Amino acid sequence: MANLSLEAEVIVVGTGPGGATVARELTRAGRRVLLLERGRPERHHPLYGTHLGALRYAERGGLFFTPEGIQVVVPSMVGGATGMFAGCAAPPPPWLREKYGIDLRSEVAETMEELGIAPLPPEQRGAASTRLAEAARALGYAVYPQPKFIRPERSARFHCGAHCLLGCRCGAKWSAAEFVEEAVRAGARLLTRARVERVLMEDGHTAGVAGRLAGRPFIARAERVVLAAGGLGTPRILQASGLRGAGERMAMDLTLIVYGLTREAGNAQDPPMTWSWDDPELGVMFSTLVDPWLLYPVMAGMRSLRHVLTWPRWKHLLGVMIKLKDNLSGRLLPDGSLSKPLLPEDRDRLREAERAARRILIEAGADPDSIFSSPLRGTHPSATVRIGELVDTNLQTEIPGLYVCDASVFPEALGRPTVLTIIALGKRLARQVLRT
Ligand SMILES: Cc1cc2nc3c(=O)[nH]c(=O)nc-3n(C[C@H](O)[C@H](O)[C@H](O)COP(=O)(O)OP(=O)(O)OC[C@H]3O[C@@H](n4cnc5c(N)ncnc54)[C@H](O)[C@@H]3O)c2cc1C
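With the numbering used here as the guide, the letters of the sequence shown map in order to residues 1265 to 1700.
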């Protein structure tokens, strides 16, 4: 059977916040863009935002573990991981500008205004989450209401609680799929179930990509290719294309939740992460969060049977999330598996953060005997194609015409929500491509 052959001015691989933003900006400026996405459009599927849905669109049904036991959550659908994100927004860390010369201030301001990024109104931050925030404040932390990509006024049914993390069913939360839809309306071509395997090169220049479309081989030709397949997807493609160094060492923003039981209602039915506070010395962000109902016993069961037995009291759980700015370690192997050993320094900081979360939970009324930590999770696989090593500050690889625009370009762990930074990088790259 002959290969299916496609052609465009710019090919964008992946439709997470990186790919969706670049595609939208370039299409609006009149470029002929082909968007290739491995996943499917899920937002209007009846199972979207349910536990069964999450099994469909999270890589390996959400049960993707490193040999070290870290659960890596990799959503695959139109919109990428924003189809399952907590909707938190944080500006890029100051070190990105000071140390690496990437100034995203105007792109961030533009995005915040366009998407109406702001904390939820006080009455929608959740009573138990607010109690946890007050406890943290009483212990000396500078607590702040978490800015969100969620606008309750976009929905008449804003009450999803922890289930919000399975996918937004009420429509209040922004997803990169919205930028994809805009790009398509402006003339971009979107192909789903299109898995890109490698980049084509001719005379040392980018010539397109090759892969499989619903299982059938295809080739797509373009002089410019933007890889935005995420912190794991992009290095896989680069490895298969012969680019050395991709996927060597990585960051995850390692995450866990410290739980405690209380007599009153807990924060499981509050929107996720409505209040946050940071410990910059420890390199840790804290926030208010409880796992969705069916995921909780799985996580608790990985700790002990005693903790699974708390499942019927899910509504009485108080949860404090810890996000650690981890050191670069481990590697992505060409067979798709990955290893992420925890360095001793990371382990020590994590233990210190768990002790702090425990103090906060007790201050908020949790029973000290009930407190335990969930297993570790990596929701921000990143820093696998780092700026300054495999891409330059304009996000171009050593191959002319081949760019990367996603979480893989972070030079180090962000240690905070990533999406606002990635959208800003996408806007900046689109301007750069339009100038050349
Ligand atoms: C549960 C969860 C909660 C989170 N909460 C937040 C939050 O509140 N705030 C925040 O800022 N961040 C959050 N994040 C992180 C954030 O969503 C990701 O870091 C971000 O979406 C990464 O964007 P990206 O463009 O790098 O790639 P992704 O969003 O990962 O998108 C990559 C896309 O490329 C596709 N793809 C992969 N390989 C191929 C291939 N070979 N061919 C074609 N397509 C391919 C994938 O299917 C995917 O759709 C969360 C993540 C998770 C999992």
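For every residue, glycine included, the Cβ atom is placed at its ideal position computed from N, Cα and C. Note that the structure is a prediction, hence the values are computed from the model and not measured.
Can you give me the C-alpha to C-alpha distance between residue i and residue j, rounded to a whole angstrom?
i     : j     : result
R1611 : R1295 : 47 Å
L1698 : L1368 : 17 Å
M1537 : L1553 : 5 Å
G1524 : L1625 : 7 Å
A1436 : D1590 : 31 Å
C1303 : E1446 : The question names Cys, but residue 1303 is Gly in the sequence shown. Going from the Cα of G1303 to the Cα of E1446 covers about 18 Å.
G1690 : L1666 : 14 Å
V1337 : A1440 : 17 Å
G1254 : D1670 : The requested residue 1254 does not occur in the structure, where the chain is confined to residues 1265 to 1700.
I1687 : K1579 : 35 Å
R1500 : T1526 : 44 Å
I1381 : A1353 : 7 Å
G1479 : D1517 : 33 Å
Can you determine whether any heavy atom of ligand 1 sits closer than 7 Å to the C-beta of residue i, and answer yes or no?
i     : result
V1277 : yes
V1337 : yes
E1618 : no
C1352 : yes
F1349 : yes
S1340 : yes
V1683 : yes
P1281 : yes
S1670 : A small fix is needed here, since residue 1670 is Asp in this sequence, not Ser. Yes, ligand 1 has a heavy atom inside 7 Å of this Cβ.
Name the two residues that bound the continuous beta strand (DSSP E) containing residue i.
i     : result
D1610 : No beta strand (DSSP E) contains D1610, which is instead part of the alpha helix (DSSP H) from P1608 to E1627.
P1481 : R1480 to R1485
Pick from the options: whose alpha carbon is nearest that of residue i?
i     : options                       : result
V1649 : T1657, G1642 and P1632        : T1657
R1577 : V1489, S1593 and D1555        : D1555
V1655 : M1566, G1600 and A1510        : A1510
I1334 : H1644, E1662, R1457 and G1282 : H1644
D1534 : L1518, W1557, D1542 and D1517 : W1557
S1646 : G1313, A1504, K1604 and F1674 : F1674
G1425 : S1340, G1390, V1407 and Y1408 : G1390
P1385 : A1392, D1467 and P1409        : P1409
A1486 : M1465, L1569 and E1398        : M1465
With a Cβ-Cβ cutoff of 8 Å, do residue i and residue j count as a contact?
i     : j     : result
Q1388 : P1416 : yes
V1584 : A1621 : yes
G1472 : V1489 : yes
L1429 : M1549 : no
S1638 : I1521 : yes
W1539 : P1561 : no
R1421 : C1432 : no
F1413 : G1351 : yes
L1602 : S1593 : no
So residue i is in the alpha helix (DSSP H); what residue range does that whole segment cover?
i     : result
A1376 : Residue identity differs from the one stated: residue 1376 is Met in this sequence, not Ala. Here the alpha helix (DSSP H) through M1376 covers R1369 to L1379.
I1687 : V1683 to R1699
S1540 : Segment W1539 to D1543 is the beta strand (DSSP E) holding S1540; no alpha helix (DSSP H) there.
H1315 : H1315 to Y1321
R1395 : A1391 to A1402
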